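Here the protein sequences come in this chain order: A and B.
Going by this note's numbering, the first sequence opens with residue 69, and the numbers climb by one from there.
Going by this note's numbering, the second sequence opens with residue 69, and the numbers climb by one from there.
The beta-carbon is built from N, C-alpha and C at its ideal position, and this holds for glycine as well.
If you're wondering where the values come from, they're calculated on a predicted model, not measured in any experiment.
2 protein chains.
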Amino acid sequence: MPDIKHFDPDAALDQVVRLFWERGADVTGIADVVQATGLSRSSLYATFGGKERLQAAALRRYLERQSRPVFAALAADGRGLPAITGFFERLVAARCTGEHARWGCLVTNTHTGPARAIPEIQQVLDAHHTELRAAMRAALETARDRGQVGPGLDPHAAAETLALLAYGVNLRSRAGAGAGDLLAGVRAVLDGFTRIEER
Amino acid sequence: MPDIKHFDPDAALDQVVRLFWERGADVTGIADVVQATGLSRSSLYATFGGKERLQAAALRRYLERQSRPVFAALAADGRGLPAITGFFERLVAARCTGEHARWGCLVTNTHTGPARAIPEIQQVLDAHHTELRAAMRAALETARDRGQVGPGLDPHAAAETLALLAYGVNLRSRAGAGAGDLLAGVRAVLDGFTRIEER
DNA sequence: CCTATCTTGGACTGGTCGTTCCAAGTTAGA
DNA sequence: TCTAACTTGGAACGACCAGTCCAAGATAGG
Chain A
69 MPDIKHFDPD
79 AALDQVVRLF
89 WERGADVTGI
99 ADVVQATGLS
109 RSSLYATFGG
119 KERLQAAALR
129 RYLERQSRPV
139 FAALAADGRG
149 LPAITGFFER
159 LVAARCTGEH
169 ARWGCLVTNT
179 HTGPARAIPE
189 IQQVLDAHHT
199 ELRAAMRAAL
209 ETARDRGQVG
219 PGLDPHAAAE
229 TLALLAYGVN
239 LRSRAGAGAG
249 DLLAGVRAVL
259 DGFTRIEER
Chain B
69 MPDIKHFDPD
79 AALDQVVRLF
89 WERGADVTGI
99 ADVVQATGLS
109 RSSLYATFGG
119 KERLQAAALR
129 RYLERQSRPV
139 FAALAADGRG
149 LPAITGFFER
159 LVAARCTGEH
169 ARWGCLVTNT
179 HTGPARAIPE
189 IQQVLDAHHT
199 ELRAAMRAAL
209 ETARDRGQVG
219 PGLDPHAAAE
229 TLALLAYGVN
239 LRSRAGAGAG
249 DLLAGVRAVL
259 DGFTRIEER
């Protein structure tokens, strides 16, 4: 009986993610979303609810499509430290060059805005951190099993370090930091974790 | 002949710093500034210019009054690694407890917002990073001279690491991260830098 | 006291915000 | 084909935004 949607909500949400990611959700108006997606205010509100709900949906989509696959690859990578090095090298490259250069990370960017207080969004921020840290910890435990890291290294604490470092990279890259500086910062901490004999 | 200002611009700017720091400059309207400072729109615009100029002035004030003294103390501290440990312990404490708990760092918060594109503000962000890194580097060189760090440590690169880590702490603290997690993350990286025999 | 000069309070502007609403259009089962 | 259910475009809403403007008030030299 009913009419059916004349657009693809999934594709529209992807557009919203790009928009919020590049410009920032708080500074992006509904009018911008309407223009970027090509659909009308009515369809937007009927499909996603208000702006807060839309922002939360976009953030979840970002976590699922952008962050989680990379985290999964890191956790599943059996190489140990080289896996972590590769993660950061690809991170810096993505943040400083290519299509998304200087966009930073949508989750990182959301940390400072007013939306961080919305429970639905706060939850995604925490999930992102937990998952990133877990992936780092898995890679560090692999490194420990392979004897690549010093004996005193606590994988749990070191995973927190690397997660915080990733936020620092995301943050500084959005403000124009050079890839060389960021890579040097990453290299130094990984050198610190590396077992002396490996150097 | 002329009348004289009926308020103290310095004290007013301090109020603005607090307001922008806690709530975020982008989400704070001129009306909020008027209410917080107690002065009128006319005086505000006559004294500081528009909002961009006000935000830049507040950011510079924050760097001068909040960041720079701490950086100077770190650079002048002769203890080496303990100075860095102390810096981070005080940082985490300030970010998670007390008057400014969960406010994060105004400079860090500004990294993600639209104001980061304004040259006058971008300049302050870069100055903050340069000065933080220089202070870290000075402390690391002291640590190296005292034999507290491993021989392979590059003070320049390690200083970048610690600066990025500080941004991570600032960022996550604003979103509610626990002091324990943050401290663990800090401890792990400093352990990594520490010379084996010191452990 | 007078007056030139600056400050101040508050009304006001045009524009944008998120959101609501409704008439017109579209669909698919009866 | 008729109609109930849903979508869609676009107008309209009140609230807020940064910024402007001016009359009224305050000041200090003459």
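Item                                                                                                                                                                                                  : Value
Give the range of the alpha helix (DSSP H) segment to which residue 248(A) is assigned.                                                                                                               : 247-261
Counting only beta-carbon atoms, is residue 176(A) nearer than 8 Å to chain B?                                                                                                                        : yes
For residue 95(A), does the three-state DSSP call read helix, strand or coil?                                                                                                                         : coil
Who are the near neighbours of residue 132(B) in its chain, counting only those whose CB is closer than 6 Å to its CB and skipping five residues on each side?                                        : none
Please tell me whether residue 150(A) has its Cβ less than 8 Å away from any Cβ of chain B.                                                                                                           : no
Leaving out five residues before and five after residue 188(A) in sequence, what residues of the same chain have Cβ atoms less than 7 Å from its Cβ?                                                  : 124
Closer than 6 Å by C-beta to residue 203(A): which residues in its own chain qualify, once you throw out the five before and the five after it? Chain order, please.                                  : 139, 142 and 143
When you check each C-beta in the region 98-121 of chain B against every C-beta of chain A, which residues fall closer than 7 Å?                                                                      : none
Is residue 267(A) helix, strand or coil by DSSP?                                                                                                                                                      : Any reading at residue 267(A) needs caution, since the residue's pLDDT is 49, under 50, leaving its predicted position unreliable; the model's value is listed next. Three-state DSSP puts residue 267(A) in coil, outside helix and strand.
By the 10 Å Cβ neighbour count, where 16 or more other Cβ atoms means buried, how is residue 172(A) classified, buried or exposed?                                                                    : buried
So is residue 237(B) buried or exposed if we call it buried at 16+ other beta carbons inside 10 Å?                                                                                                    : buried
Does the region 204-224 of chain A come into contact with the region 146-156 of chain B, if we say contact requires no fewer than three beta-carbon pairs (one atom in each stretch) closer than 8 Å? : no
How big is the Cα-Cα spacing for residue 245(B) and residue 193(A)?                                                                                                                                   : 10 Å
Skipping 5 residues on each side, what residues in its chain have a beta carbon closer than 8 Å to that of residue 257(A)?                                                                            : 229, 230 and 233
Run through chain B and tell me which residues come within less than 7 Å of residue 236(A), C-beta to C-beta.                                                                                         : 232, 233, 235 and 236
Below 8 Å between beta carbons is the criterion; list the residues of the region 241-264 of chain B that meet it against any residue of chain A, in chain order.                                      : 242, 243, 244, 245, 249, 250, 252, 253, 254, 255, 256, 257, 259, 260, 261 and 264
With C-beta atoms as the reference, is residue 174(A) less than 8 Å away from residue 261(A)?                                                                                                         : no
Enumerate, from N- to C-terminal direction, the unbroken alpha helix (DSSP H) stretches of 4 or more residues contained entirely within the region 173-215 of chain B.                                : 174-178 and 187-213
Would you say residue 179(A) reaches chain B, if we count a Cβ-Cβ gap shorter than 8 Å as a contact?                                                                                                  : yes
May I ask you to list the residues that DSSP assigns as paired with residue 12(B)?                                                                                                                    : It is not possible to answer for residue 12(B), since the shown part of chain B is limited to 69 through 267.
How far does the alpha helix (DSSP H) with residue 110(A) in it extend, from its first residue to its last?                                                                                           : 109-116
Closer than 8 Å, Cβ to Cβ, to anything on chain A: give me those residues from the region 195-224 of chain B, in chain order.                                                                         : 197, 218, 220, 221, 222 and 224
Indicate whether at least one CB of chain B lies closer than 8 Å to the CB of residue 267(A).                                                                                                         : Note that residue 267(A) scores a pLDDT of 49, beneath 50, so its modelled location is shaky; the value from the coordinates is reported in the next line. Answer yes: the Cβ-Cβ gap between residue 267(A) and chain B drops below 8 Å somewhere.
When the Cα of residue 250(B) is compared with those of 254(A), 215(A), 201(A) and 250(A), which residue comes out closest?                                                                           : 201(A)
Does residue 75(A) come out as helix, strand or coil in the three-state DSSP assignment?                                                                                                              : coil
Could you work out which residues of chain A lie near residue 193(B), taking near to mean beta carbons separated by less than 7 Å?                                                                    : 243
Using a threshold of 8 Å, state whether the C-beta atoms of residue 85(A) and residue 114(A) are closer than that.                                                                                    : no
By DSSP, does residue 240(A) sit in helix, in strand, or in coil?                                                                                                                                     : helix
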